[in-house]
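Chains as they are written, first to last, in this note's numbering: chain A, 114 to 454; chain U, 40 to 344.
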C-alpha cells in the first residue's frame, strides 16, 4: 500500500534563500505526524509544496501514491489544508462558506445537503452557522476553519501551526478533535514550533532545521536516543548560591549523575542529567540526606523534545527561534508566499 | 464544545456517502481533467459567483455608487459642453446625446478594470488559497465568476444610463440595437476583467494594482472617442484614439443611437488609416477579448495547474 504522504528529496529556493534544502518524509496512513522546528526552518514551504500552493524545484511529492505534480487535481481531493491564519469571508455566514467549499470540491449537492449540517454539528457551530463570520470569536473561526478543511473528508489533513494564537481552551479542543480525527482514520500532518504540542499529539516527529530533516522518529525514540533522564531539584524554595554550589559538587561525584547545572533564573534550582535507571532519584535524595541538605522539591522526567533539539543542533529551540527572528525579512517572505512560484 | 469522543462524532467525520463518491472520482480522475464548461466547472463558477452576489446584497453601496456615478457624469459633464455649436459633434443633436455612448463604455470599463481588486484582497488575506488548494476544474472559473458579476453590474449601469439619456432627449436605439449595445458591453467587460485579474495575480499587492488602475483609467478615457469625436482631435491623438479598444466599443454604440438603418457594413468610425465598419469594430472587440483571455492563462497556471 502506498504511504499516505511521500516527500522525497524536496528542494525549494526563493531567490537567494534556500528555504528547503533536502526534505524527505514518509507518513503512514492513520498517523499524526509532527513537523517540528523553529520559525523559518522550512516547515511551511514543505507543506505548501505538498498542498500544491508552491511548485518544488526538485523532489517527489505524493499523496496516496498520486503525484501532486502530475495529477494535482486528484491529489487536492485527497488533501485538506488548514492554513496558519484563519481566513474567512466576513460578509458570508458559516453555512454559506461551507456551501462554497462543497462546490469548490464538486461534492454532489445531495451529499452536501447532509454533510454540511453534519459538520456544523460536529464542530458545535449550530448557534453560529447562520451568522456572518465577521462576528465570530477566534475560537469559533478556527472551528469553522476545521469544518471547511474537513468537509470533503480528506484522507490527509495538513495543518500549519494549528494552535498559534489560540486561547488555551480552544487549543485543547483542537487537540482533542485531532485525536478523534485520527481515531476515525485520517492521516494528519501538523507543523509546530510548540514542543508540547508535538509531544502531546504526534505519533512520529521530524525535526527540521535550516531546510534539512535532522531527526525522525517517535517522540519516545528520539528521547531515548539522547539518553538520560532529567532531575529538577530544589534544596529550598530559594536556595542560597553557596549551598547550591555545595550540592552540585556533592552530586557530581555520584556515578549515576552525568551533568549538573545550577539554574540561577529559578531560585538556584539544580538541573541534573542522570542515567536512565530506576533508583537514580533515590540515590540523589540519599546523598543529599547524608550531607545534611534538605530537599524542598525533586522531580524526575524524561528528556523533552527540546533536549532532543538541543542535542541535534547544539542550541535550544528558543535560541534558534530568536536567531531566526533576527535573520528574517518577513515582508519579503510574505511577498514570496503570495507569488507562490 | 465537549472534549470527550462520542461514537456520534466518528460517524460525522466519516460519511459513507461521501466516501463512496470519493472512490468514484478516484477512478474517473486519471482519465481526463474536467474541461471548461464541464459540470464541475459550472458548479465551482456558480459558487464563486454566488459569493460575489451575496457580498453585493449585504454591502449594496458599491451598486448604488456604481449607478449614481455615471449618471452624474452624464448630467454634469453633459451640462459643461451643453452650449457647443451644433455640428461640432458629428451627427449628434446635442452633447448629452453624444456623451451617452462614451459614458456607457467608460462605466463598464471602469467596473471591469476594478474586478481584480477583490481577488487581490482575497490573495492578501489568504482566502484565495482556498480556491488554489481546491481541485478546480479550471482556474478560469475565477475569471468567469468575476466577469459574470461585473457583467451583471455593468448591464444594470448601462440600463440606467440608457434610461436617463432617453429622459434627457438622447432617444433610444431600436430593440436589436439595444441588444447589440449589451453585447458590446459584455465583450468589453469580459476582456478587461480578464486583464485586471491577470494583474491581480501578477502584481505584488493591492497598492500596485490600484496604481495601475489609476494610471490606466483616465488616460484611456481621454485618448478615446468617449468625450469628443475623432475629427475634433489633433492628428496624433486621432491615431492613439483609433488604437484604443474603447473607441471600438464607443463608436458602434453611438452609431446605433443615431441610425435606425444600421447594418454590419455601416461605417462607424473614420480612423486615420481606414474606415471602420460596425462589423469590423465588433471583430476587433472580440479579438481583444480573446487575446486578453489567452494572456492571463499563464498567470493562472503559475501556481501549478
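Every residue gets a Cβ at the ideal spot worked out from N, C-alpha and C, and that includes glycine.
Note down the Cα distance separating residue 333/A from residue 188/A, rounded to an integer number of angstroms.
32 Å
For residue 111/U, which of helix, strand or coil comes out of DSSP?
helix
Measure the CB-CB distance between residue 418/A and residue 312/A and report whether it falls below 8 Å.
yes
Which two residues bound the contiguous beta strand (DSSP E) that contains residue 371/A?
370–376
Count Cβ pairs between the region 320–327 of chain U and the region 288–303 of chain U that sit closer than 8 Å; are there 3 or more?
yes
Per the contact definition of three or more C-beta pairs closer than 8 Å, is the region 117–129 of chain A in contact with the region 279–292 of chain A?
no
Could you tell me if the beta carbon of residue 234/U falls within a distance shorter than 7 Å of some heavy atom in the ligand SAH?
Absent from the structure shown: the ligand SAH. Ligands present: none.
How should residue 144/A be labelled, buried or exposed, when 16 other C-beta atoms within 10 angstroms of its C-beta is the threshold for buried?
buried
At 8 Å on the CB atoms, spell out the chain U contacts of residue 196/A, in chain order.
Result: 165 and 168.
Starting from residue 247/U, find everything on chain A with Cβ-Cβ shorter than 8 Å and list it in chain order.
In chain order: nothing, as chain A lies at least about 11 Å away.
Measure the CB-CB distance between residue 98/U and residue 204/A and report whether it falls below 8 Å.
yes
Does any C-beta atom of chain U lie closer than 8 Å to the C-beta of residue 209/A?
yes
Just the Cα atoms here: how many angstroms apart are residue 206/U and residue 114/U?
11 Å
So, with DSSP's three-state summary, where would you put residue 295/A?
helix
Among the residues of its own chain, which have a CB less than 7 Å from the CB of residue 44/U, if the five just before and after it don't count?
In this prediction, residue 44/U has a pLDDT of 47, which is less than 50 and means its spatial position is unreliable; what the coordinates show is noted afterwards. Excluding positions up to five away in sequence, the list is empty.
Over the uninterrupted beta strand (DSSP E) stretch that includes residue 322/A, give me the two end residues.
317–322
Between residue 244/A and chain U, is any beta-carbon pair separated by less than 8 Å?
no
According to a CB-to-CB cut-off of less than 8 Å, which residues of the region 96–117 of chain U neighbour chain A?
97 and 98
Counting only C-beta atoms, is residue 359/A closer than 8 Å to chain U at any point?
no
Residue-chain proximity (residue 249/A, chain U), Cβ-Cβ < 8 Å:
no
Using a Cβ-Cβ cut-off of less than 8 Å, list which residues of the region 188–215 of chain U approach chain A; keep chain order.
none
Under the three-state DSSP convention, the category residue 59/U falls into
helix
In chain order, what are the residue ranges of uninterrupted beta strand (DSSP E) at least 3 long that sit wholly in the region 229–282 of chain U?
none
Using a Cβ cut-off of 8 Å (strictly closer), state whether residue 124/U contacts chain A.
no
So that I know if they touch, is there some Cβ in chain U lying closer than 8 Å to that of residue 213/A?
yes
Are the C-beta of residue 405/A and some C-beta of chain U separated by less than 8 Å?
no
Using C-beta distances below 7 Å, list every residue in its chain close to residue 155/U, excluding the 5 sequence neighbours before and after it, in chain order.
In its chain, beyond the 5 residues on either side, 235, 236, 238, 239 and 248 have a beta carbon closer than 7 Å to the beta carbon of residue 155/U.
Check for me: the beta strand (DSSP E) holding residue 308/U runs from which residue to which?
306–309
At which residue ranges does the region 222–285 of chain A contain complete alpha helix (DSSP H) runs of 4 or more residues, listed in the order of the chain?
At a cut-off of 4 residues, the continuous stretches assigned as alpha helix (DSSP H) that sit fully inside the region 222–285 of chain A are 222–235 and 251–263.
Using beta carbons (cut-off 8 Å, strictly below), is residue 93/U in contact with chain A?
yes
Quickly, what does DSSP pair residue 384/A with across the bridge? List them, please.
345/A and 374/A
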